[in-house]
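With numbering that gives the first Met the number 0, letter number 29 in the sequence shown gets 28, and the count goes up by one each step, no holes.
Heads up, the beta-carbon is just placed ideally off N, CA and C, and yes, glycines get one too.
Given the structure is predicted, the values throughout are model-derived calculations rather than measurements.
Down below is the structure, laid out as structure tokens.
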Amino acid sequence: MTKKVMKLIDPYTGLMECKVCGQRHLSSIKPGGGYYRGSWQCTNGCRLEEIEPVLDEEFFERSREYFKKAFEMIKRGNRI
Ligand SMILES: [Zn+2]
């Protein structure tokens, strides 16, 4: 199941907002309730997967520390 890119702001009017670009649109509600399939897709074609694989800062911090230590060791090793 794909994640919904649109966030429902107003359930009464069916106003939705894109989580990626902020584009808003009104979706029509089906007679029996619920929304049409296309309602959960951004009119700009945004997809949530595109912004999800973000490298977390903790990983960056850890690898930076690692490289700093490794660099210090190399530097020290070269001087001896
Ligand atoms: Zn969008």
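Closer than 8 Å: residue i CB and nearest ligand 1 heavy atom
| i | result |
| --- | --- |
| glycine 37 | no |
| threonine 12 | no |
| glycine 76 | no |
| isoleucine 44 | First, the residue type needs correcting, since residue 44 is glycine and not isoleucine in the sequence shown. Glycine 44: yes, Cβ under 8 Å from ligand 1. |
| glycine 31 | no |
Test item: CB-CB of residue i and residue j under 9 Å
| i | j | result |
| --- | --- | --- |
| isoleucine 28 | glycine 13 | yes |
The stretch 32 to 47 touching the stretch 1 to 10, judged by at least three CB pairs closer than 8 Å: yes
Ranges of the beta strand (DSSP E) found wholly within the stretch 14 to 41, counting only runs of at least 3: 14 to 17, 23 to 25
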